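J.: For reference, the structure I am asking about is given below.
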Amino acid sequence: MCKARERDRQDFSMNDMATNPYDAVAYPGHAFSQTHPAHLATIAHFHGMSPAPTAAMRVLELGCGSGGNLIPMALQCPGAELVGIDLSARAIARAKAEAAELGLSNVSFHHLDIMAVSAELGRFDYILVHGVYSWVPEPVRQRILALFGELLMPQGIAYVSYNALPGCRLRDLARDVMLYETRDIDEPMAKVRAARAAIKRFAEATDAETFYGAALRERARQIEEIPDNVLYHDDLNPGARAFALHEVLAAAEPYGLQYLAEASFPNNFGGARAPAQQLLNAIPSDQPLRQEQSLDLLIGRCFRQTLLCRAEIALHRGFSRFELSPYHLAANVREAEESDERPGVRAFLFGDDVRLAVDLPQAKAALRALSRAWPGSIRHGDLVAEVMEEVRDGIGPDLERETARLNEALTAIYRAGLLEINLEPHRLTTRISERPLASFLARRQALSGPHVTDLRHRAVELDGVVVRKFVSLLDGTRTAPMLLDEINAFLTEAHASGRDVSGLPRQATAAEVEMHLNDVARLALLAG
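Encoded structure:
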C-alpha cells in the first residue's frame, strides 16, 4: 500500500494546506499495475460493461502524489487525458516538473483539496484513489464517494484501496503501542525513532507463548523492514482506520454506486486453503459481497483494492457467459526442468513457483507459447491457431472438441489467478532488435536511481550501477558491439576516478551484453 495520501486533518478548509505532513515527509510514489485503466477495463468487460479504451480515456487520480502512477500512463497513452489532484504542494511541484521535462501535454496536476474538487473538472472514465481512503477523516471519505457518483461516466470505473478488517486488527496491536508512546512527539523523524524503539521494547517484553505476544513480536519484525517515511504516514497517523468491505459498499450506495470486483479478480480465493475454498464455493456467484466478506473472515485480509461502478449497470457475475476470444493472454510461466513420473504429464511453474501439472497436449503447448512470449501477450485466436497446428498430429480428429478442451483448460488456469487476460495488448516488445530501444521513462529513471517503471506499469528494481548504465544507453542508436564499447568505457572511467568501485568489474564481455539484453526484455523495458 504505497501512495501519497491526503493528510489527517480536523479542519477541512483550504487554509491549512501549508501544514500538510506530506510536505514535511515525502511519501514514495511509483506505478501501481493494479490501478492501470487497461487492467480495470478488462475486469469491467468480463462483467459485461463497455469500458472506455485507454487510447482516448479520461483519468482522474485523487491523491496522485508526485505523479509516479499517472506519468507512465500519460507516456503510454498520448491520446488520453489524465488529471492528478494532491494536497501536498511539494509533491505537485515535483509532478509538474517531471511532466514538463518529459514533454507531456496530456497530463495535468493540481494542488487541491479533495473537498474542493468539483464538476468543473468534467467526467472521467476511470477515477483512482490509491492509499487515501483509510487515512483521511470521515468527511473526506464521503466526498471521495460523492465524487465517484458525480464524475464517473456512465460506464466508468472507480478504484479505491483501503486497510481492511478483520486482518488489520492484528496490525493495530502494534499501532496502539506506537501511538501511545509517541503521543507527545511532533517532529516526524523523532516520532518514527521513538515508535521503533517502543515497539521493539514492548514486543520483547511480552510473553512469546501467548497469542498477543506472538502477534506483537511478528508485527515488530515486519516494522523493521518498513521505511521511515512509510511508517510515519501509514502507522503513526492517529486518524487512520480500517474498514470491512460491507462498510465501504454501504457508504457508496447512497451515491448510486455498486460493487464491481476487486482489482485482484479473478483470484478471489487467493490464500484460502481447501476447506475455506469449499465454504466459499457454497456461496452463489450472484452474492459477491457475501463471498468477498467471507473470504476476509477466513484469511484475515489486511488490504483491499475495490472497484465500483454505477448501480444501474446490469453486471454479469460468474463464468457462465465467459469466453476467452476477446482477450490477449499472458502468463509468467516456465516449464519445470525435472520430469513428472506420470506418462505425458509436465510440470509448469508460475510466478513465485506455483506448480501446476498438465497432461493435455494443447494446454502444454499453449503454456510453452505463453512462456516464450512473456512479458508480452498473445491474442487468444492467434494462440489457439498456433497451438492446434503444433499438436494436430497428437490429438483427436475432432478439432472443435479439442479446441474447446484447450479453452476449458486455459479458463481454469485463469480462474486460479495464474493466467492474465487483457482487452488490449501491452505496448512492449520481447524481440531484441539490432539497435534495442528501452522505454524513454525507464532510461531516464535509470540515470537517477535503481527503481524504474516497466511497460507493464510495474515498479522494478535494476540490479547495480552497470545495469542502470546499460538501460540508459538503450536509446535505439546502438548495436550490441557499440553497447559493449560504451559499457567498457564507463567501467574504465569509473576505475580511473579514484572512487571506491571495488564492486565493479574491470571489463564487460559480449556474452554479458547479450545477457543484459535478455534481462531487460524479460523486465518488460523494451519498446522497440
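Going from the sequence shown to this note's numbering is simple: count from 1 and add 1315.
Virtual Cβ for every residue (Gly too), placed ideally from N, Cα, C.
Keep in mind that this is a model prediction, so the values were computed, not measured.
If you pair each beta-carbon of the stretch 1514 to 1531 with each one of the stretch 1473 to 1484, do three or more pairs fall below 8 Å?
T.: no
J.: Decide if the stretch 1806 to 1822 is in contact with the stretch 1382 to 1392; the criterion is three or more beta carbon pairs, one per stretch, under 8 Å apart.
T.: no
J.: What residues are listed by DSSP as bridge partners for R1619?
T.: Y1477
J.: Rounded to a whole number of angstroms, what is the C-alpha to C-alpha distance between H1741 and L1770?
T.: 7 Å
J.: Taking all protein chains shown into account, do 16 or more other C-beta atoms lie within 10 angstroms of the C-beta of N1335, making it buried, or fewer, making it exposed?
T.: buried
J.: Name the one or two DSSP bridge partners that G1399 has.
T.: E1376, F1424
J.: Could you name each continuous alpha helix (DSSP H) segment of 4 residues or more that falls completely within the stretch 1486 to 1526, going from the start of the chain to the end?
T.: 1503 to 1520
J.: Please work out which residues of its chain come closer than 6 Å, Cβ to Cβ, to E1268, disregarding the five sequence neighbours upstream and downstream, and give them in chain order.
T.: Summary: the structure shown does not reach residue 1268, with the chain confined to residues 1316 through 1843, and so no result is reported for it.
J.: Using the Cβ count rule (16 or more neighbours within 10 Å means buried), how would you classify M1430?
T.: buried
J.: Does DSSP put G1471 in a helix, a strand or coil?
T.: strand
J.: Can you give the Cα-Cα distance for A1795 and E1749, rounded to whole angstroms?
T.: When rounded, the distance between both Cα atoms is 7 Å.
J.: For D1501, does the count of other Cβ atoms within 10 angstroms reach 16, so buried, or fall short, so exposed?
T.: exposed
J.: Express the C-alpha separation of I1400 and A1333 in angstroms, rounding to a whole number.
T.: In this prediction, A1333 has a pLDDT of 42, which is less than 50 and means its spatial position is unreliable; nothing more can be read from the coordinates.
J.: Whose CA, out of F1439, A1646, V1545, lies closest to the CA of I1736?
T.: A1646
J.: Between the C-alpha atoms of V1374 and I1514, what's the straight-line distance to the nearest angstrom?
T.: 40 Å
J.: Please look up how many angstroms separate the CB atoms of Y1474 and T1369, rounded, as I've assumed it's under 8 Å.
T.: With a Cβ gap of about 14 Å, Y1474 and T1369 do not count as contacting.
J.: State the DSSP-derived secondary structure class of Y1448, mapped to helix, strand or coil.
T.: helix
J.: Between R1619 and R1657, what straight-line distance do the alpha-carbon atoms span, to the nearest angstrom?
T.: 40 Å
J.: Confirm, please, whether the CB-CB distance from V1432 to G1378 is below 7 Å.
T.: no
J.: Is it right to say E1539 is buried, meaning 16 or more other beta carbons lie within 10 angstroms of its own, or is it exposed?
T.: With fewer than 16 neighbouring CB atoms inside 10 Å of its own CB, E1539 falls in the exposed class.
J.: Please report the distance separating the alpha-carbon of H1561 from that of S1449.
T.: 15 Å
J.: Using a 10 Å radius around the Cβ and a threshold of 16 neighbouring Cβ atoms, would you call F1663 buried or exposed?
T.: The residue in question, F1663, is buried, as its Cβ has 16 or more Cβ neighbours within 10 Å.
J.: So is N1289 buried or exposed if we call it buried at 16+ other beta carbons inside 10 Å?
T.: The chain is shown only over 1316 to 1843; residue 1289 falls outside these bounds and no answer can be derived.
J.: Taking DSSP's pairing of strands, which residues face V1828 in a bridge?
T.: Note: V1828 sits in no beta bridge, so no partner.
J.: Any chance you could list the alpha helix (DSSP H) runs of at least 4 consecutive residues sitting entirely within the stretch 1592 to 1676, in chain order?
T.: As far as the stretch 1592 to 1676 is concerned, its whole alpha helix (DSSP H) runs of at least 4 residues are 1603 to 1614.
J.: Do L1644 and T1744 have their C-beta atoms within less than 7 Å of each other?
T.: It is not a contact, given that the beta carbons lie outside the stated cut-off.
J.: Comparing alpha-carbon positions, which option in E1701, A1356, L1675 lies nearest R1687?
T.: For R1687, the nearest C-alpha among the options comes from E1701.
J.: Taking DSSP as the reference, what is the three-state secondary structure of L1752?
T.: strand
J.: Just checking my contact of A1356 with L1738 at CB under 8 Å: how many whole Å lie between their CB atoms?
T.: 5 Å
J.: Taking the CB atoms as reference points, tell me whether C1624 and I1802 lie closer together than 7 Å.
T.: no
J.: What is the C-beta distance between V1781 and V1835, in whole angstroms, given that I count them as a contact (C-beta under 8 Å)?
T.: With a Cβ gap of about 12 Å, V1781 and V1835 do not count as contacting.
J.: For a quick check, are the C-beta atoms of G1394 and A1408 less than 7 Å apart?
T.: no
J.: According to the Cβ coordinates, are L1604 and Y1574 closer than 7 Å?
T.: yes
J.: Inspect the beta-carbon positions of L1756 and L1402 and report whether they are closer than 7 Å.
T.: no
J.: Taking V1706 as part of the alpha helix (DSSP H), name the residues at either end of that continuous run.
T.: 1695 to 1706
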